[in-house]
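Protein chains in written order, with this note's numbering: chain A, 1488 to 1819; chain B, 1488 to 1819.
Here a beta-carbon is modelled for each residue, glycine too, at the ideal position from N, C-alpha and C.
Note that the coordinates shown come from a computational prediction; the quantities given were computed from them, not determined experimentally.
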């Protein structure tokens, strides 16, 4: 499975349309390199507007489906790939979410994930804008599944501009000969969607992995503040890498983190997007301050191998985890 | 708060009594360096017997209280410190646990923690020996607290051989003068006990932190196997450091990991004991292959500072975590 990440700046002078053009060029580049799934950065086509609280910024929100998702759907269809994009969703007047959409190679929206954990810190005033996610389909399943989402990506559906399972099958079909061995069964990449602040919560990664996720994607907008010194900057980015690698370790899954870069007002976003393998090894990482199309192969057999070696799922003490459903265990 | 860790080998030629003497010398050294709490490695006074399944090895088990804990209690009392030791506990014929005891400066056992997650992998046949932990006090609290344990260490009770709050107070008392400022209120170090395999489970760290833990201790016995190459060895140790640093990040707590070193039969234990600060920075780390007394100061004010900067506890989605109490979310 080949996964592509698109890391870019959204310069203050750029319009939404210009940012979309940047993203489109990079998504196209990733597809040309054989990516079967491409993941955008958080709120990929706009400035990081939560840096201030202003009702002006609600203009960046759109319904889903809407123009922004149509742009992504057209691109996915044109390239014949799976594409997940991070959007500012207007659900109703006065009700907005930070929402990822998963789009299939026919250009249809498979479903959405609404960011569950919402931060609020100086210059990251997200609680003003985003209602915490709920479950888009609140059926019987809700109690178990909560709002956590995993999508089954049937990779055989990828038409693909580069290498990939889909193209290999086509080559076999065109050769006019019977394959010596049976065709590989269609492969599915079970992809979980989380967003930014979710990345600090082991609960979110675990719940997504327990639904079968083989890959967890974290579109992200995180950066440095001018008050902090270089050592503190380094510590923060190191913590950000470490916590996400820890999800790959604890759950035996691939993790893809996609962060914007560049300075916007007071924040310098630190890029450094990466893909980690089950067990936490970093497969590929982008620089801190450049546009980057990051492509990596995710060998799904590594999941079995990793989890057989360190079988953490076997030994979870589900009989003793009830406290996790409490805010704090201080008796109040 | 000054914390000391004792990392040593348990050479195959050594008796339990010799290993206890090694540990005692190192614990004494840590206390002399001002440690107010000392943490031993896992099963500190014996070989890592779970490398094979043999009923011969049950000879290493003792009741609690018993000779092993009396040895630790005498040492804690003599040094006037808090001491936590990792023991093979015989609870009843045919019922054994991997158990940590927390001992106060008067030499009394404050309580125990029984390892909750038990591994079983080639050369780590712990399920043969250790029954998974339960809650030593199964009252009304059990549903919330499970078997997870946090101990309130009143640091003012530490008599101490080195620097520390206890000694500062003594110095003030001896000076015969009234202090210019009110004495600092007695400080408590809330210490959570987990063991080895628990370290791979974010659930265990979270549940311990939710009970107020400021420091989580992980006595450990983990090492390399001869079939794996140097790159795989490095990957494993890096994952082990990363997952434990991630607990310090996700929970804003100090983490102390204490691992044995040295070759025992087929396993080369990798030492590398360390103490991490809230946010994940490593304060001190021991080498991979030497005896080491590791001492570090844990400034508890860092916990507030870290959690105010990255307030993860504020935003947990306890309404959507029910799935964590399930084995797997596949509908079966």
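At least one CB atom of chain A sits nearer than 8 Å to the CB of residue 1698 (chain B).
The bridge partners DSSP lists for residue 1641 (chain B) are B:1675. For residue 1805 (chain B), the three-state secondary structure derived from DSSP is helix.
The Cβ atoms of residue 1490 (chain B) and residue 1743 (chain B) lie closer than 8 Å to each other. Judged by pairs of C-beta atoms under 8 Å, the region 1682-1695 of chain A touches the region 1717-1731 of chain A, as three or more such pairs exist.
Under the criterion of beta carbons closer than 8 Å, residue 1524 (chain A) and residue 1681 (chain A) do not qualify as touching, at roughly 15 Å. With a cutoff of 8 Å on beta-carbon distance, residue 1780 (chain A) and residue 1608 (chain A) are scored as not near each other. Using a Cβ-Cβ cut-off of 7 Å, residue 1757 (chain B) is close to nothing in chain A; its nearest Cβ partner there is about 15 Å away. At a cut-off of 8 Å between beta-carbon atoms, residue 1766 (chain B) makes contact with chain A. In this structure, DSSP gives residue 1743 (chain B) an extended state, which the three-state scheme calls strand.
Listed along the chain, the chain A residues whose CB falls inside 9 Å of the CB of residue 1601 (chain B) amount to none; the nearest CB is some 11 Å away.
In chain order, 1739 place their CB closer than 6 Å to the CB of residue 1794 (chain B), counting only its own chain and leaving out the 5 sequence neighbours on each side. Under the DSSP assignment, residue 1583 (chain A) falls in the beta strand (DSSP E) whose first and last residues are 1582-1590. With fewer than 16 other CB atoms across the displayed protein chains lying within 10 angstroms of its CB, residue 1541 (chain A) is exposed. By the C-beta density criterion, residue 1539 (chain B) is exposed, having fewer than 16 other C-beta atoms within 10 angstroms.
DSSP, reduced to helix, strand and coil, places residue 1575 (chain B) within a strand of the structure shown.
With fewer than 16 other CB atoms across the displayed protein chains lying within 10 angstroms of its CB, residue 1593 (chain A) is exposed. Between residue 1802 (chain B) and residue 1604 (chain A), the CB-CB gap stays under 8 Å. Here residue 1811 (chain B) is near residue 1694 (chain A), since their CB atoms are less than 8 Å apart.
Within chain B, no residue has its CB atom less than 8 Å from the CB of residue 1774 (chain A), the nearest being about 22 Å off.
Between the C-alpha atoms of residue 1771 (chain A) and residue 1762 (chain A) there is a straight-line separation of about 6 Å. Straight through space, the alpha carbons of residue 1736 (chain A) and residue 1511 (chain A) are spaced by roughly 32 Å. Cβ atoms of residue 1732 (chain A) and residue 1710 (chain A) stay farther apart than 8 Å, at about 20 Å. The C-beta of residue 1740 (chain B) comes no closer than 8 Å to any C-beta of chain A.
Counting along the chain, residue 1508 (chain B) sits inside the alpha helix (DSSP H) bounded by residues 1503-1519.
Residue 1749 (chain B) and residue 1756 (chain B) have their alpha carbons spaced roughly 5 Å apart. Apart from sequence neighbours up to five positions away, the residues of its chain that approach residue 1784 (chain A) with a beta-carbon distance below 6 Å are 1489, ordered along the chain. Look at residue 1817 (chain A): its C-beta is under 8 Å from a C-beta on chain B. Between residue 1618 (chain B) and residue 1599 (chain B), the CB-CB gap reaches or exceeds 8 Å. Nothing from the region 1534-1547 of chain B brings a Cβ to less than 9 Å from some Cβ of chain A. Closer than 8 Å to the CB of residue 1720 (chain B) there is not a single CB belonging to chain A.
By the neighbour-count criterion, in which a residue is buried when 16 or more other Cβ atoms sit within 10 angstroms of its Cβ, residue 1576 (chain A) is buried. Your pair residue 1699 (chain B) and residue 1645 (chain B) does not check out as a contact, with CB atoms roughly 20 Å apart and the cut at 8 Å.
With a beta-carbon spacing of about 11 Å, residue 1495 (chain B) and residue 1776 (chain B) fall beyond the 8 Å limit used to define contacts.
Selection A:1634, A:1595, A:1788 evaluated against residue 1560 (chain A) yields A:1595 as nearest (Cα-Cα). In chain order, 1735, 1741, 1770, 1789 place their CB closer than 7 Å to the CB of residue 1764 (chain B), counting only its own chain and leaving out the 5 sequence neighbours on each side.
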